[in-house]
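Trainee:
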Amino acid sequence: ELAPLATELRGRLRDLEDEYRRSQGPEAEWTAERLRALLRTQLSGDQVIVVSNREPYIHERGEGGIVVKRPASGLVTAVEPVMRACSGTWIAHGSGSADQAVVDARDRVAVPPGHEDYWLRRVWLTPEEEQGYYYGFANEGMWPLCHVAHVRPVFRESDWEAYRAVNQRFADAVVAEARSDDPVVLVQDYHFALLPAMVREKLPQATILTFWHIPWPNPESFGICPWRREILQGMLGSTILGFHTRYHCKNFLETVDRYLEARIEHEHSTIAFRDKETLVESYPISIAWPDAGHAGWQPVADCRRHVVERLGLPAQACIAVGVDRFDYTKGILERLNAVERLLEKHPEMVGRFVFVQVAAPTRGALDEYKSFQQRVEQTAGRINQRFGKPDYQPVHLLARHHEPDAVNELFRAADICVVTSLHDGMNLVCKEFVAARDDLAGVLVLSRFAGAAREMPEALIVNPYHVEETADALHRAATMPAAEQRERMASLRSTVREFNVYRWAGRMLADAGRWRLRARIEARVRRFQADETAPHA
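Per our numbering, the very first residue in the sequence shown carries number 368; after that it's consecutive.
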């Protein structure tokens with residue numbers, strides 16, 4: 368009696384596997400339209416809900432009225448194109464001064480402004496809740512714990528209570544927004560480790576994809592967390608749990624093996640816990656490749672002229688740029704030390720080499736971040752005092768938020784982009800730089816401790832802790848022949864274009880489609896068996 372169901376299952380799974388293999392080939396480019404097609408075929412009619420702490424659009428009160436801003440966030444950069452493709456609902460913390468003024472009675476507003484492709488549902492937090500959940504447990508505890516960045520994690524009972532309460536608040540919002548008992552829920556990042564199990568409790572048929580945007584440490588490091596079991600149990604409410612790299616997946620499997628009673632299938636990368644199975648898989652995140660027309664892009668020569676004039680740089684300057692948040696994991700101090708060493712070793716670069724560091728302030732309420740920003744400012748000041756001249760300043764520290772167009776102009780004006788993360792899940796800055804260089808010029812200096820280094824070997828890969836090595840890489844980049852630059856950049860652009868954000872989302876959603884199909888067929892089999900074994904009247 369079960370043979371027809373088994374045949375249907377095998378045939379459908381073969382079709383899905385064929386689609387997956389085709390998606391891996393270079394001839395199959397992932398686009399927004401292809402992602403929409405996947406959603407129509409494999410998740411037809413299924414609702415997609417995203418949960419993140421940071422919202423994709425912030426409404427602020429300004430002198431001229433309410434203005435809309437996009438936050439500087441790699442997560443938003445990656446996930447927003449997905450939501451525009453699938454017309455779902457995004458649930459996030461409403462933090463803007465005018466956020467409450469623009470929502471409807473259900474705390475929702477249609478975004479992007481002028482297009483209204485999907486709904487943004489805002490959740491409101493008190494200052495005390497935000498302090499405990501976000502600044503406390505998430506960013507003084509989990510962030511340094513997972514980044515192993517030589518900053519001691521801080522764990523407080525009150526922060527944990529706030530974290531748990533806010534996770535429950537967001538889980539309740541997911542349940543309220545769900546139009547069926549089996550939505551597809553995309554949970555984003557370390558702010559919501561407990562949420563998958565909370566949603567699973569209310570919506571047991573939901574397909575929950577949790578993506579962990581930061582590294583996952585080894586079991587010994589994670590063991591520092593007093594609530595390690597609760598964190599792992601919450602995450603295992605996920606149907607699929609994604610990390611950037613296979614190495615982070617391995618660390619997570621070993622952590623579960625150390626601290627929970629669960630059945631782990633290392634060959635298939637699955638964890639069976641409390642009668643539920645979780646697939647642990649790597650999905651390297653990326654960016655949306657620029658449209659063919661590059662609407663609004665200025666020619667490279669114009670971008671360079673604007674930057675040189677605005678910052679007062681030498682006309683023939685060799686311009687290196689770094690674009691980060693003011694965060695101790697990004698290696699900003701290390702790259703400044705490398706710039707200083709470069710100017711020591713190569714006096715001929717003094718007066719010509721310029722390093723422009725964009726550093727958007729972040730988490731300024733935390734002492735560790737305020738202290739770090741002061742150290743960066745002091746180091747930049749020391750280098751400028753040591754090597755600067757009346758008409759030349761080697762380091763330009765731009766400690767303010769830059770809109771995407773301004774960052775893109777810097778990328779197109781630069782000769783070198785420097786990414787020296789001490790530990791990073793992926794890092795999208797390096798991919799944005801590559802996407803901006805349609806002239807095939809420019810050199811990428813990239814930390815081996817960024818997840819992107821595994822995908823981008825044509826960059827100059829460095830150990831940011833090794834000042835001498837990084838300084839030598841900067842000199843090599845500054846003196847690299849144009850032909851070598853073109854060869855490296857062409858290869859990098861091919862990789863970033865092929866492995867774009869739509870492919871990242873498509874792989875996760877295709878896996879979700881396969882798991883949903885399997886679950887539905889298994890449910891049919893169970894119903895069939897129950898009917899067969901039920902006593903007949």
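Ideal Cβ placement from N, Cα and C applies to all residues, glycine included.
So, Ala-560 versus Gly-601, is the Cβ gap smaller than 7 Å?
Mentor: yes
Trainee: Output the distance between the C-alpha atoms of Ser-932 and Gly-731, rounded to the nearest integer angstrom.
Mentor: In the structure displayed, the chain extends from 368 to 904; residue 932 sits before or after that span and is not available.
Trainee: Mapping the DSSP letters down to three states, classify Thr-456 as helix, strand or coil.
Mentor: strand
Trainee: For Cys-797 and Arg-891, I'd like the C-alpha separation in whole angstroms.
Mentor: In a straight line, the C-alpha of Cys-797 is about 47 Å away from that of Arg-891.
Trainee: Flag this pair as yes or no: are the beta carbons of Leu-813 and Ala-803 separated by less than 7 Å?
Mentor: Cβ distance not < 7 Å, so Leu-813 and Ala-803 don't count as in contact.
Trainee: Can you tell me which of the three DSSP states His-763 falls into?
Mentor: strand
Trainee: Any chance the stretch 661-678 sits against the stretch 704-720, with 3 or more Cβ pairs inside 8 Å?
Mentor: no
Trainee: Cβ of Leu-576 within 7 Å of Cβ of Leu-553?
Mentor: Yes. Within cutoff.
Trainee: What's the gap between the Cα of Arg-815 and the Cα of Asn-794?
Mentor: 11 Å
Trainee: In the structure shown, what three-state DSSP assignment does Thr-637 receive?
Mentor: Strand at Thr-637.
Trainee: In the DSSP output, what is Ile-425 paired with across the bridge?
Mentor: Lys-436
Trainee: How long is the line joining the alpha carbons of Leu-627 and Ile-638, rounded to whole angstroms?
Mentor: 11 Å
Trainee: Comparing C-alpha positions only, which one of Ala-726, Trp-583, Gly-809 and Val-434 sits nearest to Pro-479?
Mentor: Val-434
Trainee: If you drop the 5 nearest sequence neighbours on each side, which residues of the same chain put their C-beta closer than 7 Å to that of His-713?
Mentor: The answer, listed in chain order, is His-842.
Trainee: What is the rounded straight-line gap between the Cα of Asp-413 and the Cα of Met-875?
Mentor: Computed Cα separation, rounded: 15 Å.
Trainee: Check whether the Cβ atoms of Gly-689 and Val-785 sit closer than 7 Å, and answer yes or no.
Mentor: Yes; because the gap between Cβ atoms is below 7 Å, this pair is in contact.
Trainee: Can you tell which of Val-443, Leu-603, Gln-760 and Pro-824 has its C-alpha closest to the C-alpha of Ile-654?
Mentor: Proximity to Ile-654 across Val-443, Leu-603, Gln-760 and Pro-824 peaks at Val-443, based on C-alpha coordinates.
Trainee: Kindly indicate which three-state DSSP category Arg-489 falls into: helix, strand or coil?
Mentor: For Arg-489, the three-state secondary structure derived from DSSP is strand.
Trainee: Grab me the residues of Glu-715's own chain with a C-beta within less than 7 Å of its C-beta, minus the 5 sequence neighbours each way, in chain order.
Mentor: none
Trainee: Of all the options Arg-489, Phe-640 and Asp-484, which has the alpha carbon lying nearest to the alpha carbon of Val-469?
Mentor: Arg-489
Trainee: Indicate whether the contact test is met: 3 or more Cβ pairs, each with one atom in the stretch 450-469 and one in the stretch 403-419, closer than 8 Å.
Mentor: The stretch 450-469 is in contact with the stretch 403-419.
Trainee: Just to confirm my understanding: we take Pro-438, look at its own chain, exclude 5 residues before and 5 after, and list those with CB closer than 8 Å. What are they?
Mentor: Arg-421, Glu-422, Pro-423 and Ile-425
Trainee: Just the Cα atoms here: how many angstroms apart are Val-566 and Glu-825?
Mentor: 42 Å
Trainee: Following the continuous alpha helix (DSSP H) through Asp-734, name the residue where it begins and the one where it ends.
Mentor: 734-754
Trainee: Please report the residue range of the alpha helix (DSSP H) in which Ser-861 lies.
Mentor: 849-865
Trainee: Alpha carbon to alpha carbon, how far is Lys-643 from Gly-604?
Mentor: 8 Å
Trainee: Less than 7 Å between C-beta atoms, sequence neighbours within five positions excluded: which residues of the same chain meet that for Cys-513?
Mentor: Once the five neighbours on either side are set aside, the close Cβ partners of Cys-513 are Tyr-557, Ile-581, Pro-582, Trp-583 and Pro-584.
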